[in-house]
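Counting from 1, position 97 in the sequence shown corresponds to residue 97 in full-length UniProt numbering; the numbering is continuous, with no gaps. The next block holds one structure in the form of structure tokens; read it before the comments.
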Amino acid sequence: MITSFYKANKLCFITFSGVYFFTFNMMKHEDVEEVYVYLMHNGNTVFSLYSYESKGKADTSGNSAVLKLAKGDEVWLRMGNGALHGDHQRFSTFAGFLLFETK
């Protein structure tokens with residue numbers, strides 16, 4: 001990965017200008033009915049993900065994006081409402097990588 005990831009705030013800081021691929025998958029926690037997750041780029045929403053299933057049932061969903069980014073750009077996930085399933089089984093994931101560098 002050609003970026004810097006800051007675990008404390010889940011922020012991906014772009015160190016090379018280029019075209020990047022980002023993807024995330026999530027599992028909605030059983031205790032909530034709905035969940036919203038947003039892929040953010042420099043404070044703007046790239047896309048949102050919505051999942052609805054009645055309480056007591058888990059639900060999975062995912063989305064991906066290809067973004068042209070400049071050095072210094074920031075990319076992260078923002079939770080809207082709801083709760084994701086997150087334990088040692090790692091049902092929710094977020095990844096990104098450089099496809100090719102640009103000038």
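Don't be surprised by glycine CBs; every beta carbon is placed ideally from N, CA and C. All of these numbers come straight from a predicted model, not from anything done at the bench.
If you look at glycine 18, you'll find it in the beta strand (DSSP E) that goes 18-28. Residue burial annotation: tyrosine 20 is buried, with at least 16 other C-beta atoms found within 10 angstroms of its C-beta. Burial check for methionine 79: the Cβ neighbour count within 10 Å stays below 16, so the residue is exposed. For threonine 60, the enclosing beta strand (DSSP E) starts and ends at 59-69. Under the DSSP assignment, asparagine 44 falls in the beta strand (DSSP E) whose first and last residues are 44-52. Nearest to glycine 43 by alpha-carbon distance, out of Leu67, Trp76 and Phe94, is Trp76.
Looking from the CA of tyrosine 52, the closest CA among Val32, Gly62 and Cys12 belongs to Val32.
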